[in-house]
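Numbering (the numbering used here), first residue to last: 32 to 370.
All C-beta atoms in this analysis are idealised placements derived from N, C-alpha and C, irrespective of residue type, glycine included.
These numbers were taken from a predicted model, which means no experiment stands behind them.
The block underneath contains the structure these notes are about, expressed in structure tokens.
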Amino acid sequence: MQTPTYRSMPDIILSNGKKFMAAPGVSILDAAAQAHVFLPYSCKTGRCSSCKCKVVSGETLALTTELGLTQEELEQGWVLSCVRSAQTDLELEIDDLGGIALPSQKTIPCRISRIEHLAPDVVRVILRLPPAAVFTFLPGQYIDIIGPNGVRRSYSLANAPITDKTLELHIRAVEDGLMSDYWFKRAKENDLLRLTGPLGTFFLRETNGQDLVFLATGTGIAPVKAMLEALVEFPQELQPASVTVLWGGRTPADLYIDLPCLPDHYQFVPVLSRADKDWAGAKGYVYEALLQNAPSLSRTTVYACGSDAMIHSARKVLVAAGLPARQFYADAFVSSGNI
Ligand SMILES: Cc1cc2nc3c(=O)[nH]c(=O)nc-3n(C[C@H](O)[C@H](O)[C@H](O)COP(=O)(O)OP(=O)(O)OC[C@H]3O[C@@H](n4cnc5c(N)ncnc54)[C@H](O)[C@@H]3O)c2cc1C
């Protein structure tokens, strides 16, 4: 008689043939990372849909409600790898990040070095790391700040990696927000906090000879600023063919900082959705302003950061206009938690 074989851990296979095992109850995203297979992700709470992938075969279990998926997407077999576990062997329609090695994550103490208002509802926070700390990140990634009473919130890093051990954050006030209350009413220089990171897979991919478009709304400019600071320092052979930065707000006050000095062939387009009659610049939404320039989208790579609504609309409109879906990278500033 043949002895049955019992396997406690399902195998997961990706479109490109990469394979890893997943323990029950562990998210597909975490199981992959444990096996040094890195999948795209951002919020890790089932809200932003950066980690969306399709189940080709096998059974999965939702660990929490997938707010980032529509009912239609759920019915079509899409899941969010950050909040799904494998119940059986799985075949997924998604590739890993290829040869890109993500910097290792750590939790370290930090202190507020400086805090300043850039607009009535935006502060810039400069964090200082301990002298012995080694913290590396890719421009575009974010960190989680663990603040007073253990409240944990995500913030994009607004500066390119530098050697003076400071990190820059741009933080917008959210009404009745727990951490907003801290940043805007109580935070002061030298306060001790903790951070975990770097997190997320919003960072520059191939740049040389590419047409790059950055779309940002509000404090979504923070990771774009970090990417641009890095990009301008790239050697000539890695420089893109063109760079267009579209930053949107309702009124001029929403465009709260000057971007770093950009080379002449980088184009900066401020866009206002509630412009008054004196505004001579672009009007409407950032993706509309992009389309008005009739770019050749099949050769364009878009990096979008800001509100969930902007990112959903931008992806939908630009893909319908000819942008290959794989050339749209995004970080949505969804609500990052209840505690
Ligand atoms: C990957 C990532 C990166 C982020 N980076 C930044 C950044 O660089 N700068 C920045 O300002 N913010 C950023 N955020 C958002 C930030 O993490 C917080 O969620 C936000 O600042 C609110 O925190 P809070 O504690 O003040 O409010 P909370 O106490 O969390 O929320 C208060 C109320 O506001 C609602 N709410 C919370 N966030 C939002 C939102 N974004 N839109 C609409 N309603 C909301 C909540 O549902 C709740 O009802 C990022 C989020 C993610 C996921």
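> With contact counted as at least three CB pairs below 8 Å, one residue from each stretch, are the region 135–146 and the region 220–233 in contact?
Replying inline: yes
> What number of angstroms, rounded off, separates the C-alpha of E90 from the C-alpha of D120?
Replying inline: The residue labelled residue 90 in the question sits at position 59 within the sequence shown. The residue labelled residue 120 in the question sits at position 89 within the sequence shown. Each residue's alpha carbon lies about 7 Å from the other.
> Can we count D285 as close to ligand 1, meaning its CB is less than 7 Å from some heavy atom?
Replying inline: On the sequence shown, residue 285 is found 254 positions in, with the first residue counted as 1. D285: no, Cβ never under 7 Å from ligand 1.
>> L100 and S80 - do their beta-carbons sit closer together than 8 Å?
In response: Your numbering for residue 80 matches position 49 in the sequence shown. Your numbering for residue 100 matches position 69 in the sequence shown. Their beta carbons are under 8 Å apart, which means S80 touches L100 by this criterion.
> Where do the ends of the beta strand (DSSP E) carrying Y186 lie?
Replying inline: By one-based count along the sequence shown, residue 186 stands at place 155. Where Y186 is concerned, the enclosing beta strand (DSSP E) stretches over 183–187.
>> Going by beta-carbon coordinates alone, are V263 and L277 separated by less than 8 Å?
In response: Position 232 of the sequence shown, counting from 1, holds the residue named residue 263. Position 246 of the sequence shown, counting from 1, holds the residue named residue 277. Result no, Cβ atoms of V263 and L277 do not sit closer than 8 Å.
> What number of angstroms, rounded off, separates the C-alpha of L45 from the C-alpha of L123?
Replying inline: Counted from its first residue, the sequence shown places residue 45 at position 14. Counted from its first residue, the sequence shown places residue 123 at position 92. So the two alpha carbons sit approximately 5 Å from each other.
> What residues match up with K50 in a beta bridge as DSSP calls it?
Replying inline: By 1-based counting over the sequence shown, the position of residue 50 is 19. For K50, which the question treats as bridged, DSSP gives the partners I44.
> So, using beta-carbon positions, are I125 and L209 closer together than 8 Å?
Replying inline: Against the sequence shown, residue 125 aligns to sequence position 94. Against the sequence shown, residue 209 aligns to sequence position 178. Not in contact: I125 and L209 (Cβ atoms no closer than 8 Å).
> Just to confirm, are S58 and L98 a CB contact at a threshold of 8 Å?
Replying inline: The residue given as residue 58 occupies position 27 in the sequence shown. The residue given as residue 98 occupies position 67 in the sequence shown. Not a contact, by the Cβ cut-off of 8 Å.
> Measuring CA to CA, which of P179, L321, T275 is closest to D222?
Replying inline: Position 191 of the sequence shown, counting from 1, holds the residue named residue 222. Among P179, L321, T275, the Cα nearest to that of D222 belongs to P179.
> Between A62 and F51, what straight-line distance do the alpha-carbon atoms span, to the nearest angstrom?
Replying inline: Indexing the sequence shown from 1 puts residue 62 at position 31. Indexing the sequence shown from 1 puts residue 51 at position 20. Each residue's Cα considered, the two are about 8 Å apart.
>> For F245, count the other beta carbons within 10 Å of its own beta carbon; 16 or more makes it buried, fewer makes it exposed. Which is it?
In response: Here the question's residue 245 lines up with position 214 in the sequence shown. With 16 or more other Cβ atoms within 10 Å, it is buried.
> Are three or more beta carbon pairs between the region 157–167 and the region 195–211 nearer than 8 Å?
Replying inline: yes
>> Three Cβ pairs or more, each shorter than 8 Å: is that satisfied between the region 348–364 and the region 289–303?
In response: no
> Fully enclosed by the region 212–277, which alpha helix (DSSP H) runs are 4 residues long or longer?
Replying inline: 252–262
>> Could you check if I202 belongs to the surroundings of ligand 1, using beta carbon to heavy atom distance under 7 Å?
In response: Here residue 202 refers to the residue found at position 171 when the sequence shown is read from its first residue. Within the cutoff, so yes.
>> Does chain C have any CB closer than 8 Å to the CB of S73?
In response: The structure shown contains no chain C, having only a single protein chain.
>> Taking the straight line between their C-alpha atoms, what separation do you get for M258 and L243?
In response: As a working note, residue 258 is residue 227 in the sequence shown. As a working note, residue 243 is residue 212 in the sequence shown. Taking the straight line joining both Cα atoms gives about 11 Å.
>> What residue range does the alpha helix (DSSP H) around Q102 cover?
In response: Looking up residue 102 in the sequence shown gives position 71. 102–106 is the extent of the alpha helix (DSSP H) around Q102.
> When DSSP builds the beta bridges, which residues end up paired with T331?
Replying inline: The sequence position of residue 331 within the sequence shown is 300, counting from 1. Answer is D242.
> Around the C-beta of T332, are 16 or more other C-beta atoms found within 10 angstroms, so that it is buried, or is it exposed?
Replying inline: Translated into positions along the sequence shown, residue 332 becomes position 301. By the neighbour-count rule (16 or more Cβ atoms within 10 Å), T332 is buried.
> Just the Cα atoms here: how many angstroms apart are G181 and L224?
Replying inline: Along the sequence shown, one-based indexing puts residue 181 at 150. Along the sequence shown, one-based indexing puts residue 224 at 193. Their Cα atoms are separated by approximately 10 Å.
>> Are the CB atoms of A218 and I146 within a distance shorter than 8 Å?
In response: Indexing the sequence shown from 1 puts residue 146 at position 115. Indexing the sequence shown from 1 puts residue 218 at position 187. Yes.
> Smallest Cα separation from A272: which of W310, P326, L200, A53?
Replying inline: Within the sequence shown, numbered from 1, the residue matching residue 272 stands at position 241. The residue with the shortest Cα to Cα distance from A272 is P326.
> Buried or exposed: which applies to I174, given that a residue is buried once 16 or more other Cβ atoms fall within 10 Å of its Cβ?
Replying inline: Here residue 174 corresponds to residue number 143 of the sequence shown, with the count starting at 1. Its Cβ being crowded by 16 or more others within 10 Å, I174 is buried.
> With a CB to CB cut of under 7 Å and the five nearest residues on each side skipped, what residues in its chain are close to Q241?
Replying inline: In the sequence shown, counting from the first residue as 1, residue 241 sits at position 210. If we look at Q241 and ignore the five residues flanking it on each side, its Cβ neighbours are P271, A272, T332.
>> Checking 8 Å against the spacing of the C-beta atoms, do P41 and Q118 come in under that value?
In response: For the purposes of this step, residue 41 is taken as the residue at position 10 of the sequence shown. For the purposes of this step, residue 118 is taken as the residue at position 87 of the sequence shown. Contact flag set, yes.
> Taking just the CA atoms, how far does F168 sit from F265?
Replying inline: Position 234 of the sequence shown, counting from 1, holds the residue named residue 265. Position 137 of the sequence shown, counting from 1, holds the residue named residue 168. Those two C-alpha atoms are separated by around 16 Å.
>> Between S304, A313, F359, which has its C-alpha nearest R330's C-alpha?
In response: The sequence position of residue 330 within the sequence shown is 299, counting from 1. If we check each option's Cα against that of R330, F359 comes out closest.
>> Give the list of continuous beta strand (DSSP E) stretches no shorter than 3 residues that lie fully inside the region 83–158.
In response: 83–88, 91–93, 109–111, 115–117, 121–124, 137–150
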